[in-house]
């Protein structure tokens, strides 16, 4: 299992903190969010991570290095990193020829997230938190039974059993990869490269079974705004540490 970590974007909403530092390198509890993510992957038994870099790429390479424990780290540069995340994932498309974890780099989470996602029988699956507050910023995931039927910030299907916020992690089975790549190419074309990689999962879900893993009630946060960084430090990290037993 290879992890593809998207760590290329500029994060303008967190300027000026991110003008000269990638937001995944901002410290939470004295350590970069990205470092915590790589250590969690190593603990979960993942043996290779491919980081798609762009903004502050040299800094990312210096912090992540070439190995974290038994986890080998390599890099792919996205020269169009100022555009949508869909381009970053498409840049790493060769990594999807085998089962892969696609991960946003700005998430603070307990290690059980990876344990659950890797253990779910469905070859392709997403993590879903049903305890979210809808501010319009969240990627919402709609489910029916054991499968995802739609996702997006503005997508609302006609009927669903449950809805939750997407964590930003996707386990992609090898059999789903060709359809996913077609979806990524379509999103790039239709959005002129400004779309998000989750838009391609929305196109994939009707074609392939995409399962979901419920992580409601578990501590985590995506870091999109300065307030998210403060909350990660004071509220989420202490609960993550307790959950991990570290």
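Numbering (my numbering), first residue to last: 10 to 255.
For glycine and all other residues, C-beta sits at the position ideal for the given N, C-alpha and C.
Where the beta strand (DSSP E) through residue i begins and ends
i: residue 151; result: 149 to 153
i: residue 211; result: Unbroken run through residue 211 is the alpha helix (DSSP H), 206 to 213; no beta strand (DSSP E).
i: residue 52; result: Per DSSP, residue 52 belongs to no beta strand (DSSP E); it is in the alpha helix (DSSP H), 42 to 52.
i: residue 268; result: A question about residue 268 goes unanswered here, because the residues of the chain that appear run from 10 up to 255.
i: residue 157; result: 156 to 161
i: residue 222; result: 220 to 223
i: residue 175; result: 171 to 181
i: residue 134; result: 134 to 138
i: residue 90; result: Run containing residue 90: none; DSSP gives neither H nor E here.
Rounded C-alpha distance that separates residue i from residue j
i: residue 218; j: residue 131; result: 8 Å
i: residue 118; j: residue 248; result: 10 Å
i: residue 95; j: residue 202; result: 7 Å
i: residue 98; j: residue 16; result: 10 Å
i: residue 61; j: residue 140; result: 30 Å
i: residue 138; j: residue 102; result: 27 Å
i: residue 226; j: residue 114; result: 21 Å
i: residue 70; j: residue 34; result: 11 Å
i: residue 58; j: residue 30; result: 21 Å
i: residue 159; j: residue 129; result: 19 Å
i: residue 169; j: residue 152; result: 6 Å
i: residue 22; j: residue 65; result: 16 Å
i: residue 72; j: residue 47; result: 11 Å
i: residue 40; j: residue 216; result: 40 Å
Counted within 10 angstroms of its Cβ, other Cβ atoms place residue i as buried (16 or more) or exposed
i: residue 78; result: exposed
i: residue 145; result: exposed
i: residue 199; result: exposed
i: residue 174; result: buried
i: residue 149; result: buried
i: residue 142; result: exposed
i: residue 6; result: Nothing about residue 6 can be reported from this structure: the residues present for the chain run from 10 to 255 only.
i: residue 250; result: exposed
i: residue 165; result: exposed
i: residue 26; result: exposed
i: residue 51; result: buried
Residue i: first and last residue of the uninterrupted alpha helix (DSSP H) it sits in
i: residue 236; result: 235 to 240
i: residue 197; result: 186 to 200
i: residue 67; result: 66 to 73
i: residue 100; result: 94 to 100
i: residue 125; result: 121 to 128
i: residue 15; result: From DSSP, residue 15 is part of no alpha helix (DSSP H) but of the beta strand (DSSP E) over 11 to 16.
i: residue 253; result: 246 to 253
C-beta contact flag for residue i and residue j at 7 Å
i: residue 204; j: residue 93; result: yes
i: residue 110; j: residue 12; result: yes
i: residue 49; j: residue 123; result: yes
i: residue 32; j: residue 24; result: no
i: residue 246; j: residue 37; result: yes
i: residue 220; j: residue 134; result: yes
i: residue 172; j: residue 214; result: no
i: residue 196; j: residue 136; result: no
i: residue 120; j: residue 253; result: yes
i: residue 83; j: residue 222; result: no
i: residue 88; j: residue 10; result: no
Would the stretch 181 to 198 and the stretch 233 to 250 be scored as touching if the rule is three or more Cβ pairs under 8 Å? The stretch 181 to 198 vs the stretch 233 to 250: no contact.
Count Cβ pairs between the stretch 205 to 214 and the stretch 189 to 197 that sit closer than 8 Å; are there 3 or more? These segments touch.
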